[in-house]
Structure formats: structure tokens, C-alpha cells
Amino acid sequence: MVASRCLVLVGLLGLMGLRQVAHGQALPEHQPGQVTYYVAPVNGSSQNGPAAAQVQPSQEQANPPMEQRRRISRSFRVAKAGQAFALTTRYGHVRVSTWNKPEMKVEAELIARAETAAGAEQLLSGLGVQWLDYDARTGGVAVSSQFGPALKGKCSGAGCRYEINYTVWL
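Read in this note's numbering, the sequence shown has 109 at position 123, and its numbers run on one by one without any break.
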């Protein structure tokens, strides 16, 4: 079983006084506008789904012919100084940007690749994002990648991949 990758974004904006939490503990103070992130250690995980764990895939396996994409985004008001933000994900990339607005914005791009269009659509239907305006565990906004039962066992062979890439503005 592939270990889950947990990414807790840490950003302190001088104007908003945002403070972040990594595994329930406050992080040290940072300079205004500086963005830092913490990635929990992961053993044996990959960035492109279970199929990417194969050694030296052929060019055809590395780039399956059919791809389906879906973009979703959501903005969250920054209600108070020190509001936490947590992002839990695996099988994708995270890009963090700063801006001078009293809100956080998260954009997710869900990507599924397979040998057929129907296969890619089936994989895409199993991908999702959970948005929480308030998470009791962190005391702030929480976003997490969701991998439905349709994905179980679908990418154990060659020729299919999926990922959820995030762009976050703090």
C-alpha cells in the first residue's frame, strides 16, 4: 500500500498575520510574504499514481494516448489572523503563490490518463477534492484529495495514470 503524502502549507503574510500548523504544532515566525511548506516523509510513494512505481516504463506507458482533465477552484475568506490552512494530497504537484488579498484561493486540476477515452473518463470520475471551511483538527481551512473506489486496482497495470495538481494563493 502506498503511503499517503500529507502537505501542510505554511504561509505568514504580514498584512493578514496568517499562521500555519504542521501536525498540530505552530511553526516558527517567518518574514512577511515568505511562504514555506512542510512535506511529511513518505516511503515508497510516487508522484503519478501507482502505475508510476514501475521501473523504466516504456515511452508508450509513460504517455498514455487518452487524457481527461477537470478544473475546480474555491476561495476562502480569511476570517482572522493566524488562520490555519492544510492541504492533504498525493499523486500530484502543489504550487504556492502569495497575494495581498484577505482570502485564500485553491485551484485543483484533476487529470486522468488511460488507453481509451472511456477508461480516462472512468478514472477521472473517481477523483475528487474535499473542501472544509473549518476543520476542527487544524482550526482552519482544510482541502484534501479524494480517490474513490473506482480507482482501486485500476492503475496496477501499465497504461493508466491519475493526478491532482494544486495551485494555492495565500
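Quick reminder that beta carbons are idealized off the backbone N, C-alpha and C, glycines included. For clarity, every value in this text was computed on a predicted model and none was experimentally measured.
Fill in: Every unbroken alpha helix (DSSP H) within the region 86 to 137, with a cutoff of 4 residues, ordered by chain
103 to 111, all fully within the region 86 to 137.
Practice prompt. Tell whether a beta-carbon distance below 8 Å holds between serine 111 and tryptophan 155.
Written response: no
Worksheet item: Near alanine 98, which residues of its chain fall below 6 Å by C-beta distance, leaving aside the five closest residues on each side in sequence?
Response: Gln54, Ala106, Leu109, Leu110 and Tyr148
Discussion item. Among the candidates Ala65, Phe133, Glu93 and Ala100, whose CA atom is the shortest distance from the CA of glutamine 51?
Written reply: Note on residue identity: the sequence assigns proline, not glutamine, to residue 51. Between proline 51 and the set Ala65, Phe133, Glu93 and Ala100, the nearest pair of CA atoms involves Ala100.
Worksheet item: Just curious, the beta strand (DSSP E) that valine 64 is in, first and last residue?
Response: Looking at the DSSP string, valine 64 is not in any beta strand (DSSP E), and its letter there is neither H nor E.
Worksheet item: Do you know how far the Cα of asparagine 86 is from the Cα of leucine 137?
Response: 38 Å
Fill in: Which of helix, strand or coil DSSP assigns to leucine 156
coil
Discussion item. One question on the structure: do serine 61 and glutamate 89 come within less than 8 Å of each other, judged by their Cβ atoms?
Written reply: It is a contact, given that the beta carbons lie within the stated cut-off.
Fill in: Nearest residue (CA-CA) to lysine 66, options Arg56, Tyr120 and Thr153
When only C-alpha atoms are compared, the closest one is Tyr120.
Discussion item. Using C-beta distances below 6 Å, list every residue in its chain close to arginine 81, excluding the 5 sequence neighbours before and after it, in chain order.
Written reply: Thr153
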